[in-house]
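In the UniProt record's numbering, the protein residues as written are 1 to 554.
Cβ coordinates follow ideal geometry from the N, Cα and C atoms, glycine included.
Small disclaimer: the values here were computed from a predicted structure and weren't measured.
Heads up: the structure comes next, in structure tokens.
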DNA sequence: CCTAGAACTTAGCATAATGTTG
DNA sequence: CAACATTATGCTAAGTTCTAGG
């Protein structure tokens with residue numbers, strides 16, 4: 001801990017401010033008890049935990065913060081239908097503003113988005129409005145759009161003092177609603193604000209995009225807290241849907257969202273003891289996998305030749321999950337969500353088999369949309385037996401048929417549980433990401449190198465993990481332009497190669513890769529922690545930072 | 001068993017905050 | 001200091017896994 005504080009203080013170009021102090025205090029508060037427990041003679045920290053699924057003994061909070069009420073537009077901001085200005089009823093107007101605000105977003109040109117929006121919008125209209133407004137193409141939201149754009153701009157240019165005051169107000173609200181008391185600790189709540197109404201922004205080609213997300217009322221919300229705590233008071237004139245006292249769950253409040261019918265929860269911040277310990281446990285499971293992964297690999301390699309179809313399918317799936325860090329791939333209800341897949345749900349159309357490709361034998365070409373409709377494209381050299389099996393699984397099937405027709409995530413995970421306690425498909429992602437990072441760091445880092453060089457190594461290692469996990473984000477529209485600028489910079493700075501190297505890398509990193517954050521190895525390589533993690537990440541990994549000795553290996 | 005729904009983690013996009021430059 | 005670039009944080013969608021109940 002103290003070594004860590006010193007590292008922060010020594011740094012050039014870093015402000016050692018209140019935030020940093022707060023972070024250190026929090027780290028002390030949470031990580032030291034964990035540390036002591038973890039190091040107790042033969043004592044496992046889980047044993048300190050409450051019995052049998054109990055998550056807490058005492059929980060008190062204020063209840064969630066509701067979205068501000070809708071403020072009707074003034075008469076000078078007009079909606080036009082078919083060229084004619086028209087005053088909408090309050091409900092219809094509110095929903096119109098949701099669309100109007102988004103006018104410069106691509107969503108509003110999407111046919112599905114438009115159709116869903118229009119259907120839901122018409123439902124909140126008065127019958128007179130519904131009768132008149134029958135074609136979205138005749139709707140003109142431009143004044144609404146301009147109004148909100150100007151409002152944002154006005155906010156942007158207001159004086160420092162006004163901004164400061166507003167910030168203070170927000171902070172006061174956060175102090176009141178943003179924290180709870182759990183077992184004697186004041187803990188930050190991750191999402192104390194109830195999601196405001198709006199238009200559903202599904203990713204990829206989501207069949208429900210544009211649908212109206214309803215305004216949540218206290219009557220929709222279930223509160224969870226201690227029986228002996230100060231029970232949250234609903235807003236005046238309202239009641240909670242229910243108040244329950246369930247200490248076997250971690251959430252403080254929940255409601256059912258209307259677009260997908262899914263539950264939404266209010267839970268604690270990652271910096272909390274509850275979440276932090278769970279996260280810790282996740283890495284412990286991954287480390288246990290490290291100890292037996294060779295056996296597990298041997299087992300599924302043997303299963304590749306099993307007479308039983310189910311075992312062979314499972315073996316191939318595990319091979320992919322392990323080698324390529326694919327997600328498990330639950331089955332999804334058709335038409336309810338974007339069509340995305342993971343390992344178990346791969347279809348014949350997602351895989352191409354190449355007996356020979358560029359001089360290599362047994363190449364599998366993957367092309368599918370994974371989580372968040374992010375494309376996974378990869379050509380992989382596989383074991384002969386894997387290739388043979390795949391060929392067999394895919395024989396006489398239609399493109400839309402499942403490759404692994406005898407397999408699902410449930411029976412896969414059940415099998416994994418038998419191989420190692422706590423093992424599930426996602427543990428392989430954690431394990432492979434961690435081990436990749438460590439190996440890359442070992443390979444890339446020269447302990448004699450400068451700080452900049454070490455940072456570069458770290459970023460490269462991180463990049464390798466991002467590639468493994470297929471973490472990416474869509475390139476901003478200005479990508480080409482900024483890339484050109486970067487190129488120009490490189491030319492200009494060719495003289496000072498050392499400096500430029502790291503700059504280029506970080507510039508490229510920004511565009512290509514979203515950082516993965518699971519390293520605990522900064523201390524080991526003597527890299528200042530805040531060059532690598534931002535405040536949020538440091539808070540979340542306070543425990544990990546603290547635990548990391550110089551000789552720490554994953 | 002099996003399955004639907006509940007609970008909890010992971011992840012990309014939006015936006016706010018901060019830094020840089022002309 | 002405005003305009004642009006980059007980073008940090010907020011938000012919530014989209015996954016995985018667990019669990020309860022038939």
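query, result
"Coil, strand or helix - residue 141 by DSSP", "coil"
"Residue from 319, 168 and 426 whose Cα sits closest to the Cα of residue 303", "319"
"Contact belief for residue 92 with residue 129 at Cβ below 8 Å, rounded distance in angstroms", "5 Å"
"Span of the beta strand (DSSP E), counted from its first residue to its last, around residue 80", "79 to 81"
"Collapsed DSSP secondary structure at residue 350 in the structure displayed", "helix"
"Rounded separation between residue 467 and residue 160 - CA only", "42 Å"
"Residue 309: first and last residue of the uninterrupted alpha helix (DSSP H) it sits in", "309 to 324"
"Short Cβ contact (7 Å threshold) for residue 317 with residue 343", "yes"
"DSSP bridge partner residues for residue 255 (one or two, in chain order)", "264"
"Whether residue 373 touches residue 204 by CB criterion (7 Å)", "yes"
"Among 200, 217, 216 and 459, the one whose alpha carbon lies nearest that of residue 209", "200"
"Bridge-paired residues (DSSP) for residue 212", "199"
"Top-ranked residue by Cα proximity to residue 370, from 408, 352, 86 and 471", "471"
"Beta-carbon proximity list for residue 138, same chain, < 7 Å, skipping 5 on both sides", "81 and 82"
"For residue 357, the residue or residues it bridges with in DSSP", "360"
"CB contact flag (residue 355, residue 409, <7 Å)", "no"
"Residue 133, DSSP secondary structure in three states", "coil"
"Integer Cβ distance of residue 428 from residue 325, believed to fall under 8 Å", "7 Å"
"Option nearest residue 202 by Cα separation, candidates 426, 340, 401 and 521", "340"
"Check whether residue 251 and residue 224 have beta carbons under 7 Å apart", "yes"
"Element boundaries [alpha helix (DSSP H), containing residue 410]", "409 to 419"
"First through last residue of the alpha helix (DSSP H) which encompasses residue 71", "From DSSP, residue 71 is part of no alpha helix (DSSP H); its letter is neither H nor E."
"Residue 55 vs residue 258 beta-carbon contact at 7 Å", "no"
"Segment limits, alpha helix (DSSP H) that includes residue 169", "160 to 177"
"Cβ-based burial, residue 147 [other Cβ within 10 Å; buried from 16]", "buried"
"Which listed residue (103, 297 and 273) has its alpha carbon closest to that of residue 190", "273"
"Simplified DSSP state of residue 192, which is helix, strand or coil", "coil"
"Residue from 378, 287 and 353 whose Cα sits closest to the Cα of residue 438", "287"
"Terminal residues of the alpha helix (DSSP H) in which residue 388 lies", "384 to 394"
"CA nearest to the CA of residue 336, picked from 363, 260, 75 and 234", "260"
"Euclidean distance between Cα positions of residue 25 and residue 360", "Interpretation of residue 25 is limited by its pLDDT of 27, a score under 50 that renders its predicted location unreliable; the figure taken from the coordinates is listed afterwards. The straight-line gap from Cα to Cα measures roughly 56 Å."
"Buried/exposed call for residue 218, threshold 16 Cβ in 10 Å", "buried"
"CA nearest to the CA of residue 311, picked from 414, 338, 240 and 398", "414"
"Simplified DSSP state of residue 520, which is helix, strand or coil", "Reliability fails at residue 520, whose pLDDT of 38 lies under 50, so the model's placement of it is uncertain and the value that follows must be treated cautiously. Residue 520: coil per DSSP, three-state reduction."
"Pairwise C-alpha distance: residue 173 and residue 72", "24 Å"
"Close Cβ partners of residue 449 (< 8 Å) along its chain, the five nearest in sequence each way excluded", "457"
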